[in-house]
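Asks: Have a look at this one.
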Amino acid sequence: MAGVCGSKLMMARLVGMPDLFSDSGWGSGELPRALRPGLVHLPRWMGLDQQFAVVQQCREIARSVAGTPLAMHRQQWASGTMSAYLMSLGLHWEYRTYQYVSQWGGVAVPPIPVEFSALAHEVLRAAAGVDDSLAAWVDSYRIDAALVNYYPPGAGMGMHQDAFEDSRAPVVSLSIGDSAVFRAGNGVNRQRPWQDVVLGSGDAVVFGGPSRDMFHSVVRLHAGTAPTRCGVSQGRINLTFRQVKL
Numbered sequence: 001m002a003g004v005c006g007s008k009l010m011m012a013r014l015v016g017m018p019d020l021f022s023d024s025g026w027g028s029g030e031l032p033r034a035l036r037p038g039l040v041h042l043p044r045w046m047g048l049d050q051q052f053a054v055v056q057q058c059r060e061i062a063r064s065v066a067g068t069p070l071a072m073h074r075q076q077w078a079s080g081t082m083s084a085y086l087m088s089l090g091l092h093w094e095y096r097t098y099q100y101v102s103q104w105g106g107v108a109v110p111p112i113p114v115e116f117s118a119l120a121h122e123v124l125r126a127a128a129g130v131d132d133s134l135a136a137w138v139d140s141y142r143i144d145a146a147l148v149n150y151y152p153p154g155a156g157m158g159m160h161q162d163a164f165e166d167s168r169a170p171v172v173s174l175s176i177g178d179s180a181v182f183r184a185g186n187g188v189n190r191q192r193p194w195q196d197v198v199l200g201s202g203d204a205v206v207f208g209g210p211s212r213d214m215f216h217s218v219v220r221l222h223a224g225t226a227p228t229r230c231g232v233s234q235g236r237i238n239l240t241f242r243q244v245k246l
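Taking the UniProt record's numbering, I'd label the letters of the sequence shown as residues 1 to 246.
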């Protein structure tokens, strides 16, 4: 399958480590902020031990599905092949049928680790403390699907919406590795107005409420900016969490 060999190279670039919640909370530097209604940036939300542990679990899951239809891969479209690698947890988005599925090619989608779900819930609760338009989802948020993206050096992702879920619950996003320019667009089209923000290793982003349908992209990576102990030697890992069902 396309991308299987590439995924082995990708995994070779990741290193892992211990406990997931050993040093949670914000580090020094920027404070949490609402970039616009419904869009919250939590800089340095994960400590280095957390980042190491998340990467380690991603590695283990990727190994468990290597060589299967659910292996980390570069999605192929009619217009070309994505530059980022993708892996589904919980549910898999099948773009040909436009639906989420629990298995693909006879292989069950790996479950979302409970540690990941707990971390995403903590992020949402923190974001709701910054922007109360997210607060209604804090107690009821259910994570049905997660996507692990690996951006090798030079990779990016074009403008798109996360608009195939039945639920209007917020999307929670975590970044590990090289910093990246994240472009937050409008909810109508891929054109301006948009806002660019640099996401560093350990940063979290939540978008929901009036920003739930915004177009967004990863414009570029800043090579060589990953912290030594974050678990990614080059490139960037991004995890996104979604409630799919009502």
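The beta carbon of each residue, even a glycine, is placed where N, CA and C say it ideally should be.
Tell me whether F207 sits in a helix, a strand or coil according to DSSP, three-state version.
Replies: Residue state, collapsed to three classes: strand.
Asks: Looking only at C-alpha atoms, which of W77, A155, S133, V138 sits nearest to S217?
Replies: Of W77, A155, S133, V138, the residue nearest in Cα terms is A155.
Asks: Tell me whether F182 sits in a helix, a strand or coil according to DSSP, three-state version.
Replies: Residue state, collapsed to three classes: strand.
Asks: Hey, D166 and L246: beta-carbon distance below 8 Å or not?
Replies: For D166 and L246, yes; Cβs fall inside 8 Å.
Asks: Inspect the beta-carbon positions of P170 and G129 and report whether they are closer than 8 Å.
Replies: Not a contact, by the Cβ cut-off of 8 Å.
Asks: If you draw a straight line from the C-alpha of Y100 to the C-alpha of F241, how long is it?
Replies: When rounded, the distance between both Cα atoms is 14 Å.
Asks: How would you label S28, buried or exposed, when you count the other beta carbons within 10 angstroms and need 16 or more for buried?
Replies: Low local confidence applies: a pLDDT of 40 at S28 is under 50, so the model's placement there is unreliable, with the coordinate-based value given in what follows. By the neighbour-count rule (16 or more Cβ atoms within 10 Å), S28 is not buried but exposed.
Asks: Quick one: using the 10 Å Cβ neighbour count with 16 as the cut-off for buried, is V107 buried or exposed?
Replies: Answer is exposed; the Cβ neighbour count stays below 16.
Asks: Is Q56 helix, strand or coil by DSSP?
Replies: Looking at Q56 - three-state DSSP - the assignment turns out to be helix.
Asks: Any idea what DSSP makes of P61, helix, strand or coil?
Replies: The displayed chain sequence assigns Ile, not Pro, to residue 61. Three-state DSSP puts I61 in a helix.
Asks: Relative to the alpha-carbon of S201, which residue among Q56, C230, R142 has its alpha-carbon at the smallest distance?
Replies: Comparing Cα-Cα distances from S201 to each of Q56, C230, R142, the minimum goes to C230.
Asks: Report the three-state DSSP secondary structure of V114 (helix, strand or coil).
Replies: Of the three classes helix, strand and coil, the one that applies to V114 here is helix, per DSSP.
Asks: Specify the secondary structure class of W137 as computed by DSSP and reduced to three states.
Replies: The answer is helix: DSSP assigns W137 an H, G or I state.
Asks: Contact defined as beta carbons within less than 8 Å: I believe I237 pairs with V123. What is the distance between those atoms, to the nearest angstrom?
Replies: Not confirmed; about 15 Å, so no contact.
Asks: Per DSSP, what are the beta-bridge partners of S201 in this structure?
Replies: DSSP, once it has assigned bridges, lists no residue as partnering S201.
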